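Residue numbers (the working numbering): 55 to 233.
Since the structure comes first, as structure tokens, the remarks are kept for the end.
Take a look at the structure:
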């Protein structure tokens, strides 16, 4: 794990994180650039889901503290507050009722199934939303650089986060070792 200190927005952009919420859900998340994030979900009700090029609002609230928020094609809203110098974050996920009732629909590479997400959003109930507010501990911080397509480039598999944390997934240039 890098000993990088976060002060500016540029310090945050291009950073790859793995974190575990207090409820046990594990997520992997990448600040791809100043308006886009990629992520994989490794634990929780939508484990196995992964997304590239999600448009997001990314700002620095104050030195070393960042807020990221977006709405997914599923209708799920996400707000994350990163405090990477303290290896923690707070996230709130607002799942539409249909995602709670049919999470398996979302467990896929979303980018190839946007129409399916839109169809489910229109077909099933949105309310009441399932609101999941949780603190998380950051277990990995990697300096991937901005717009690195290797960071989130395949479906999650059992053990991938351990492979990343233990240096078996990326080479010294932050490129995938086994493509």
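Virtual Cβ for every residue (Gly too), placed ideally from N, Cα, C.
Remember, it's a predicted structure, so these values are computed and weren't measured experimentally.
Check: For residue 181, the nearest candidate out of 151, 64, 103 (CA to CA); Outcome: 151
Check: Rounded straight-line distance, which links the Cα of residue 86 to that of residue 102; Outcome: 20 Å
Check: Residue closest to residue 185, alpha-carbon to alpha-carbon, out of 148, 219, 198, 206; Outcome: 148
Check: With 16 other Cβ atoms within 10 Å as the buried cut-off, status of residue 171; Outcome: buried
Check: Sheet register partners of residue 121 (DSSP bridge); Outcome: 113, 135
Check: Residue 191 beta carbon less than 7 Å from that of residue 69; Outcome: no
Check: For residue 78 and residue 129, the rounded distance between their alpha carbons; Outcome: 23 Å
Check: Closest Cα partner of residue 82 within the set 214, 226, 131, 58; Outcome: 214
Check: CB of residue 122 within 7 Å of CB of residue 134, strictly; Outcome: yes
Check: Residue 197 - partner residues in DSSP beta bridges; Outcome: 69
Check: Residue of 63, 146, 162 minimising C-alpha distance to residue 114; Outcome: 63
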